[in-house]
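Counting from 4, one number per residue, gives the positions in the first sequence under this note's numbering. Everything on this sheet refers to the single structure shown next.
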Amino acid sequence: MTKIARLDEYKNMLRSRVIALIDCNNFYVSCERVFDASIQTRPVIVLSNNDGCVVARSNEVKKLGVKMGQPVFEIENLIKTHNIHVFSSNYSLYADMSNRVMTVLAQFSPTLEAYSIDEAFLDLTDLNIPDLTLFGKEVKAKVLKFTGIPVSVGIATSKTLTKIASEIVKKNPEYEGVLDLSFCSDELIDECLSKVEISDVWGIGPQYTKFLTGYGITSARDLKNANENWIRRHLTVVGNRTVLELRGVCCIPIATDYPPKKGIGRAKTFGKEVSKHSDLEESVATYISRAAEKLREQGSVATQITVFVRTNSFNKNIPHYSNSISVRIPYPTSFTPDLIKYALSGLKLIYIEGYKYKKAGVYITKIIPEEFIQPDLFGEYSIIEHHRQSRLMLIIDALNRIYGRDTIFFAVQGLKRNWRMRQFRLSNRFTTNIDELLTVK
DNA sequence: TCTGGGGTCCTAGGACCC
DNA sequence: TCTGGGGTCCTAGGACCC
């Protein structure tokens, strides 16, 4: 790239922007409500894997004081006394509903970043929209009409400020779901920022909250006015960016392309504790198979696997053990049988008999695009062999996609799988499985 | 009894090279 | 006895996000 081109790019970055954040309200709860009219106004929660923690709450439940991530057993009484409707996480349903929302949003701007399962940024800079609040209301109405999902819209000149706007929208019904901070006076923005607690600022987590509060920085406004050099020293360049973003300078561009992942992990807490090496082998083989599917999906191969196991760290009464190991694979591959082989060789090295294991996981790293594979001149692994293996995996992936997960799987993944997670309160996969469609009486 | 999972980015420090 | 310094790569660990 020439220096001039670089300069243009830089100027473009500094140009003031108009960005909208569209955020689905209580997304998992809203998904469940789309398919059950009887719970529209009832308290609803959705649980994490193994039905362990609360990961989504309806407004009624938030008012009862239930916290994000709170363990279910702590609120069993509340659930009974307030007749809270409880669901296990139904990721097939949520992922499909998310796709529908994104499809609707894509009609409003050519520049869309699907930031998470329930949030998207839209770049509105060059669209010359005369009334941004009206625009926000249109977006909101259309998403609701086409998907049944209610959303909030925050509009501002940086991503961090759109997050702030959307926070304010959710706490203040009088905004009717849309707040535009992009053409506000500085005084008005300052007033908004002073009402936002430091811990609610995007990019400020528990550690930084503790640190900043210790220095009297307790609101978004305090952070906006903080000394940049001091922030950079203690919160690194990431914190520095947050400060600039609060000042309305867009430093975090909208990402419309999705680069291949650098690490792909799968880890789960077991439904019940296991001790046998064979049970751990089944789980590790299953996790690595899933991770390998993801690896192939993005057209990559890898040369390293990390395997870890751990006992239940919450239980102080049993001996605790936690260990991990990284295994190098001598050639880049995405071939499930090989990945299983190396993962299990790692597991063998860290498995100790006698412990009750509660969790295991794998992490694939040193990922490169498939095209970058260097043919091995002397070794047993040839490019021809790679193509043969790729074709086999292609067919297996296709069969599992069409006929359902685990239509074909490897024997070492096991049949009983008594470590599998608990999901007692799962709703139907209404939109992705023909046998689970909604029945209208 | 029961406590989630899947990611990203940044920095410090060690190994190694010339 | 005296024993450089700068650059790069890699990894582990720590912060954050939803």
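Virtual Cβ for every residue (Gly too), placed ideally from N, Cα, C.
Put simply, the segment 264-276 does not touch the segment 229-236. Fewer than three CB pairs are less than 8 Å apart.
By the Cβ rule, the segment 270-278 does not count as touching the segment 292-301, because fewer than three pairs are nearer than 8 Å.
Distance between residue 435 and residue 95, taken at the CA atoms: about 7 Å. Collapsing the DSSP output to three states places residue 262 in coil.
For residue 283, same chain residues with a beta-carbon under 7 Å away, outside a window of 5 residues either side, are 277, 312, 350, 354, 360, 363 in chain order. Rounded to the nearest whole angstrom, the C-alpha separation of residue 22 and residue 132 is 12 Å.
8 Å or more divides the Cβ of residue 387 from the Cβ of residue 376. Judged by beta-carbon spacing, residue 58 lies within the 8 Å limit of residue 50, meaning their Cβ atoms are closer than that value.
Taking a C-beta distance under 8 Å as the contact criterion, residue 60 and residue 29 qualify as a contact pair. Comparing alpha carbon positions, the residue from 219, 287, 106 closest to residue 422 is 287. Between residue 195 and residue 97, the CB-CB gap reaches or exceeds 8 Å.
When the five nearest sequence neighbours on each side are left out, the beta carbons in the same chain lying within less than 8 Å of the beta carbon of residue 55 are those of 74, 75, 272, in order along the chain.
Counting only runs of at least 3 residues, the segment 100-126 fully encloses the following beta strand (DSSP E) elements, listed from N- to C-terminal order: 115-119, 122-126.
When C-alpha distances from residue 395 are compared across 412, 202, 225, the shortest belongs to 412. Ranked by how close their Cα comes to the Cα of residue 52, the residues 90, 244, 261, 309 have 90 in first place. Contact between residue 248 and residue 162 holds, since their C-beta atoms are separated by about 7 Å, short of 8 Å. A distance below 7 Å between beta-carbons, with the five flanking residues on each side excluded, links residue 128 to the following residues of its chain, in chain order: 20, 21. Going by DSSP, residue 216 is part of the alpha helix (DSSP H) stretching over 209-217.
Cβ atoms of residue 183 and residue 135 come within 8 Å of each other, at about 4 Å. Residue 358 carries a coil assignment under DSSP once its states are collapsed to helix, strand and coil.
Look at residue 34 here: in three-state DSSP terms it is helix. Beta-bridge annotation (DSSP): residue 271 is paired with 363. Contact annotation, residue 137 with residue 123: C-beta distance approximately 19 Å; criterion of less than 8 Å not satisfied.
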